[in-house]
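Visitor: Under this note's numbering, the letters of the sequence shown match residues 52 to 364, in that order.
We put the CB at the ideal spot given by N, CA and C, even for glycine.
None of these values were measured; they are calculated from a predicted model.
One structure coming up, written as structure tokens, with questions to follow.
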Amino acid sequence: MPWSEPYSRFTLLFVKFAIDVIKACGNVSDAAALLNLSWDEIHLIRKKAVERGLRRRKDHKIKYLGIDEKSFRRGRKYITVLNDLQRQTVIEVKEGKSKEAVTQLLSSLSKKVKRSCEAVAVDMDPVFKTAIEKNLPDADIVHDKFHISKYLNEAVANIWKDENRRLRSVNNETLSGTKFLWLTNQENYSDKQKEAFNSLKLNLYKVGKGWQIKEAFRYFWSYRYKGNAEKFFKRWYFWATHSKLKPTSGVAKMLYKNIKYILTYFAHRITNAGSESINSSIQKIKSNARGFRNFDFFRVAILFHLGGLDVYP
């Protein structure tokens, strides 16, 4: 009877079956119960499977990379994830979100991959920029539009928070319970929410002005040509920085500082939407496992499910 590995207690056939069960189950506990194995034995099967998959991984060209961070454990513990944006797979994972973590990820890429990479979609964290310029000097940096949207939303949320507090201090509850409306796309409103929001927009609230500036920036991404987008940004920037809204003005200045790497979007039109989708899958893996006792267990689970690896013996 063929065994899956030298000195393994599992047969080849059982490991193939176990891999299918682990992939199909929502969590490790269910897989362990079905297979009559311990948590550690499930981890061992996954770990060996990932090692096989990484050994077999072909050294193919990768046009677009995405780098994103994900919370790992409580206490501001993070992992940094390197993704193949076109294949929608995780290439590798490192603990932390430091320059060293990003450098280790990019350094692990082959010369072929480095030469083939045209652009990397990332957040505006300077850590990413420094590591990319050092390890992928020929690749463009593209600051991700979904992170930019997040910054603009946070600015509106802060304006709403301050204004709602001020109004409530004089017994005005008009903005109470409306935070969701200012941060959600109108396409997702119910009829009742549309009616409520249209009524709010008629009032001259600061949060309404911040919302208008946030929504206007969505048109930036619709331009076909970089030059037209740049002209739009200059007009929008003047409006945002003269709005007398500190949170909005702060985000606008941050975008201006990084505009070179925002305008590269029009050469490649890549975003970290794929990375965000992968992040959602990573969150599901973490939730199903009810947390991981250490980084190695978490990394193995991510690569097993999302690495696009040939994991069968």
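Taking the runs of the beta strand (DSSP E) that are 3 residues or longer, which of them lie wholly in the stretch 116-172?
Guide: Listed in chain order, the complete beta strand (DSSP E) runs (minimum 3 residues) inside the stretch 116-172 are 128-135, 140-146.
Visitor: Measure the alpha-carbon distance for T154 versus K212 and round it to whole angstroms.
Guide: Reading the sequence shown from its first residue, position 103 is the one you call residue 154. Reading the sequence shown from its first residue, position 161 is the one you call residue 212. Cα to Cα, the separation comes out at about 38 Å.
Visitor: Would you kindly report the start and end of the unbroken beta strand (DSSP E) that includes H194?
Guide: As a position in the sequence shown, residue 194 is number 143, starting the count at 1. Taken as a continuous stretch (DSSP letters only), the beta strand (DSSP E) holding H194 covers 191-194.
Visitor: Identify, in the order they occur along the chain, each residue of the same chain with its Cβ nearer than 7 Å to the Cβ of E281, setting aside the five sequence neighbours on each side.
Guide: Position 230 of the sequence shown, counted from the start, is the residue given in the question as residue 281. Excluding residues within five positions, the ones whose Cβ falls inside 7 Å are L314.
Visitor: What does a CB cutoff of less than 6 Å around K185 pick up in its chain, not counting 5 residues either side in sequence?
Guide: Against the sequence shown, residue 185 aligns to sequence position 134. Around K185: no qualifying Cβ.
Visitor: Kindly indicate which residue of E238, I264, K163 has the alpha-carbon position closest to the one of V207.
Guide: As a first step, residue 207 must be located in the sequence shown, where it is residue number 156. That would be I264, whose Cα lies nearest to the Cα of V207.
Visitor: With DSSP collapsed to three states, give me the class of M52.
Guide: One-based indexing of the sequence shown puts residue 52 at position 1. Confidence is the limiting factor: at M52 the pLDDT is only 49, short of 50, which leaves the residue's position unreliable and the question unanswerable from this model.
Visitor: According to DSSP, simplified to helix, strand and coil, what is T299?
Guide: Translated into positions along the sequence shown, residue 299 becomes position 248. Correct three-state label for T299: helix.
Visitor: Please state if the CB of V164 and the CB of I113 are separated by a distance shorter than 7 Å.
Guide: Start at 1 with the first residue of the sequence shown, and residue 113 comes out as number 62. Start at 1 with the first residue of the sequence shown, and residue 164 comes out as number 113. The answer is yes: Cβ separation under 7 Å.
Visitor: Alpha helix (DSSP H) containing F271: first to last residue?
Guide: Looking up residue 271 in the sequence shown gives position 220. F271 -> no alpha helix (DSSP H), and no H or E assigned at all.
Visitor: Does the stretch 269-280 come close enough to the stretch 306-326 to have 3 or more Cβ pairs within less than 8 Å?
Guide: Yes: at least three Cβ pairs fall under 8 Å.
Visitor: Given a cut-off of 7 Å, decide if K150 and T131 are closer than it, judged by their beta-carbon atoms.
Guide: Position 80 of the sequence shown, counting from 1, holds the residue named residue 131. Position 99 of the sequence shown, counting from 1, holds the residue named residue 150. Result no, Cβ atoms of T131 and K150 do not sit closer than 7 Å.
Visitor: Enumerate in chain order the residues of its own chain whose CB-to-CB distance from Y240 is below 8 Å, with the five nearest sequence positions on each side excluded.
Guide: Position 189 of the sequence shown, counted from the start, is the residue given in the question as residue 240. Taken in chain order, the residues that qualify are L232, F248.
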